[in-house]
Amino acid sequence: MPWPTFNDWGWQVKNRLDDFEILARTYQLDDDEQRGFAATRSLFRFGITPYYALLGDREDPDCPIRRQVVPRPEEAEIRLGERSDPLGEEEREVVPNLIHRYPDRALLLATDRCPVYCRFCTRRRIVGRVERQATRELLSEAFEYVRATPELREVIISGGDAMMLGDNQLDYILRELRSIPHLEIVRVATRMPVTCPMRITDQLAAILKRYSPIYVMTHFNHPAECTELAAEACARLVDAGVVVYNQSVLLRGINDAVAVIADLNRRLVSMRVTPYYLHQCDLAEGIEHFRTPLQVGLDIIDGLRGHASGLMVPQLCVDVPGGLGKVTVVPDWVVRREGRATTFRTYTGATAEYLDPVDSHKGRS
Ligand code: SF4
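Below, the structure written as structure tokens:
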């Protein structure tokens, strides 16, 4: 058996940077980062895979990789309007670990573990608290619920990071879900292609292929995350028939500019990953310093449309507080609507009129 190395995902997880000493040896920490580490130690778990840590700049605290994983003191501040459970998941937990929010979809929180603990995590109330995965007994209650609820067509396996589950456990969950006749879509939510791409082994790809169609929802936020290893991991998934979508979170000072999102999405498309959502940060506790005004996201979409291929333009999405669902938002491209005519502003700034069919307006005032 080969000795575990840097390219082994188990080694990466086992050797996560998880204390101050090792963090301070890896990066030249500024005062804010040092205070941030102390202020958040008891609030949210800290951990970075060696792979992801090496993507960061040793000297620059504003490096977009470092900003995502090194705590700042602001994280300890709770602002007006922030919630520990911004998406109201607890009240929609129908059996342990299963959230039923939309009529036809359910979310299975199969583990609370992640390879890297992102400082902007929306689910920080549960993620990394005890580092455990749902037992088969608890999972069987979730499967029973799904089996007994025919309106459910889709289950999203999440956590934590769903790919922190070992191959056997993932295989078991997929097998159980695929045995439910009315379940059409299974998604797996993971940041592993970004934070620990060595997790995407041939063996894992073969498991996912067995339960096709599988959708993997991953989470790249910055072009610096699109490394050769990340591209290979995504290629392994796509070659196994997995459809890979990306959901970025809009983060102040990290990716809140048209040029950054354009570069990121261009790279993702060339890695055969489809940019799906650009998420507005949720109102989770302690992450106000990451949040951007809604207009920033609208300006980014406006800046992409027409200037970049439509394949690279994600939907700007707000998951509204209280678990009431996602809303997608678009810039104001309609200038006015009068009778049959709608006047649009195009990406060049020119305006143009589109006419509805005459029939459709007969009898209307
Ligand atoms: S990988 Fe996802 S669940 Fe885990 S800490 Fe990051 S954002 Fe949260």
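If you're matching positions, the sequence shown starts at 10 in my numbering and goes up one per residue. Quick reminder that beta carbons are idealized off the backbone N, C-alpha and C, glycines included.
### Of the residues LEU246, GLY97 and PHE229, the one placed nearest ARG200, counting alpha carbons only
To locate residue 200, count along the sequence shown from 1; it is residue 191. Nearest option by C-alpha distance: PHE229.
### Task
Quick one: residues in its chain with C-beta nearer than 8 angstroms to the C-beta of PRO105, no 5 flanking neighbours on either side, listed in chain order?
Here the question's residue 105 lines up with position 96 in the sequence shown. Contacts found: ALA143, LEU147, GLU150 and ALA151.
### Beta carbon of GLY56 nearer than 9 angstroms to that of PRO124
Along the sequence shown, read from residue 1 onward, the residue named residue 56 stands at position 47. Along the sequence shown, read from residue 1 onward, the residue named residue 124 stands at position 115. Against a cut-off of 9 angstroms, the Cβ pair of PRO124 and GLY56 comes out as a contact.
### Query
Below 8 angstroms, can you find three or more Cβ-Cβ pairs linking the segment 59-78 to the segment 258-266?
yes
### Task
Taking only the alpha-carbon atoms, compute the straight-line gap between PRO284 and ASP265 and give it to the nearest angstrom.
Translated into the one-based positions of the sequence shown, residue 284 becomes position 275. Translated into the one-based positions of the sequence shown, residue 265 becomes position 256. Between PRO284 and ASP265, the C-alpha separation is close to 16 angstroms.
### Task
Alpha carbon to alpha carbon, how far is GLN212 from GLY45? Give it in angstroms, no decimals.
As a position in the sequence shown, residue 45 is number 36, starting the count at 1. As a position in the sequence shown, residue 212 is number 203, starting the count at 1. Rounded to the nearest angstrom, the two C-alpha atoms are 39 angstroms apart.
### Query
What residue range is occupied by the uninterrupted beta strand (DSSP E) comprising TYR285?
Walking along the sequence shown from the start, residue 285 turns up at place 276. Note, TYR285: beta strand (DSSP E), 283-288.
### Query
Helix, strand or coil for GLY129 per DSSP?
Within the sequence shown, the letter at position 120 stands for residue 129. The question names Gly, but residue 129 is Phe in the sequence shown. In this structure, PHE129 counts as coil in the three-state DSSP scheme.
### Query
What is the DSSP secondary structure of SER188, reduced to helix, strand or coil?
The residue given as residue 188 occupies position 179 in the sequence shown. Three-state DSSP puts SER188 in coil, outside helix and strand.
### Task
Leaving out five residues on either side along the sequence, give the residues of the same chain with a beta carbon under 8 angstroms from the beta carbon of ALA317.
Numbered from 1 along the sequence shown, position 308 holds the residue referred to as residue 317. Once the five neighbours on either side are set aside, the close Cβ partners of ALA317 are ALA271, ASN274 and ARG275.
### Query
Taking C-beta to C-beta, are ALA198 and VAL155 nearer than 9 angstroms?
Looking up residue 198 in the sequence shown gives position 189. Looking up residue 155 in the sequence shown gives position 146. No, the pair does not count as a contact, with Cβ atoms beyond the cut-off.
#### Entry: DSSP three-state assignment for TYR36, whether helix, strand or coil
Residue 36 sits at position 27 when you count from the first residue of the sequence shown. Of the three classes helix, strand and coil, the one that applies to TYR36 here is coil, per DSSP.
### Query
So, ALA119 versus ALA157, is the Cβ gap smaller than 9 angstroms?
For the purposes of this step, residue 119 is taken as residue 110 along the sequence shown, with counting starting at 1. For the purposes of this step, residue 157 is taken as residue 148 along the sequence shown, with counting starting at 1. Against a cut-off of 9 angstroms, the Cβ pair of ALA157 and ALA119 comes out as no contact.
### Query
What did DSSP end up calling SER279 once you bin it into helix, strand or coil?
As a working mapping, residue 279 is identified with position 270 in the sequence shown. Correct three-state label for SER279: helix.
### Rounded straight-line distance, which links the Cα of ARG349 to that of VAL367
On the sequence shown, residue 367 is found 358 positions in, with the first residue counted as 1. On the sequence shown, residue 349 is found 340 positions in, with the first residue counted as 1. Between VAL367 and ARG349, the C-alpha separation is close to 7 angstroms.
### Query
If we call anything under 9 angstroms between Cβ atoms a contact, is ARG138 one with ARG54?
Here residue 138 is taken as the residue at index 129 of the sequence shown, counted from 1. Here residue 54 is taken as the residue at index 45 of the sequence shown, counted from 1. Yes, they are a contact pair.
### Query
Taking C-beta to C-beta, are LEU52 and GLU84 nearer than 9 angstroms?
For the purposes of this step, residue 52 is taken as residue 43 along the sequence shown, with counting starting at 1. For the purposes of this step, residue 84 is taken as residue 75 along the sequence shown, with counting starting at 1. For LEU52 and GLU84, yes; Cβs fall inside 9 angstroms.
### Task
With MET207 as the anchor, note down where its alpha helix (DSSP H) starts and where it stops.
Here residue 207 refers to the residue found at position 198 when the sequence shown is read from its first residue. No residue range can be given for MET207, since it is assigned to no alpha helix (DSSP H) and is classified by DSSP as neither H nor E.
### Query
Can you list, in chain order, the residues of its chain whose CB lies under 6 angstroms from that of ARG114, leaving out five sequence neighbours each side?
Taking the sequence shown and counting its residues from 1, one reaches residue 114 at position 105. GLU163, listed in sequence order.
### Query
Along the chain, where does the beta strand (DSSP E) that runs through CYS326 open and close?
Translated into positions along the sequence shown, residue 326 becomes position 317. Note, CYS326: beta strand (DSSP E), 324-328.
### Message
Please list the terminal residues of the continuous alpha helix (DSSP H) segment that includes LEU238.
### Response
Your numbering for residue 238 matches position 229 in the sequence shown. Taken as a continuous stretch (DSSP letters only), the alpha helix (DSSP H) holding LEU238 covers 237-248.
### Query
Between which two residues does the alpha helix (DSSP H) harbouring GLN77 extend?
The residue you call residue 77 lines up with position 68 of the sequence shown. Where GLN77 is concerned, the enclosing alpha helix (DSSP H) stretches over 73-78.
### Query
How long is the line joining the alpha carbons of GLY175 and ARG141, rounded to whole angstroms?
The count along the sequence shown starts at 1 and reaches residue 175 at position 166. The count along the sequence shown starts at 1 and reaches residue 141 at position 132. About 12 angstroms.
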